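Undergrad:
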Amino acid sequence: MFCASIALFGTVFLGFLGYLVQIQMPFLKFKMLDRQTTQNALYTSSIIYFVLFLLILLHDCCKTKPYPQYKVYQQWKYEMF
Numbered sequence: 010m011f012c013a014s015i016a017l018f019g020t021v022f023l024g025f026l027g028y029l030v031q032i033q034m035p036f037l038k039f040k041m042l043d044r045q046t047t048q049n050a051l052y053t054s055s056i057i058y059f060v061l062f063l064l065i066l067l068h069d070c071c072k073t074k075p076y077p078q079y080k081v082y083q084q085w086k087y088e089m090f
């Protein structure tokens, strides 16, 4: 779950940086040769981090099963006798 939170933070952070580049905030001290290219790169990175976040969540959901097999087996054993 720690990796998922880092991926979600990266999504929000890079998306926010892309937004700041888009509105051309004056406190961005570095000069960019091409603002559109930088903004597109930040948004693309944000999308990649979001897809990574979804993959990590999917992996965690598939890894943890709500009903382990042995509990179901014990329940059947008690129902049969």
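The working numbering puts the first residue of the sequence shown at 10, with every later residue one more than the last.
For each residue, glycine too, the CB sits at the ideal point set by N, CA and C.
Keep in mind the model is a prediction, meaning the values are calculated, not measured.
(1) Roughly how many angstroms lie between the CA atoms of L29 and L17, to the nearest whole one?
(2) Rounded to a whole number of angstroms, what is the C-alpha to C-alpha distance between L51 and F59?
(3) Rank T47, T46 and T53 by C-alpha distance to the C-alpha of G19 and give the top, closest one.
(4) If the criterion is Cβ atoms closer than 8 angstroms, does the pair I65 and C12 meet it?
TA: Reading it off the structure:
(1) Answer to the nearest angstrom: the Cα atoms are 18 angstroms apart.
(2) Taking the straight line from one Cα to the other gives about 12 angstroms.
(3) If we check each option's Cα against that of G19, T53 comes out closest.
(4) Closer than 8 angstroms, so yes.
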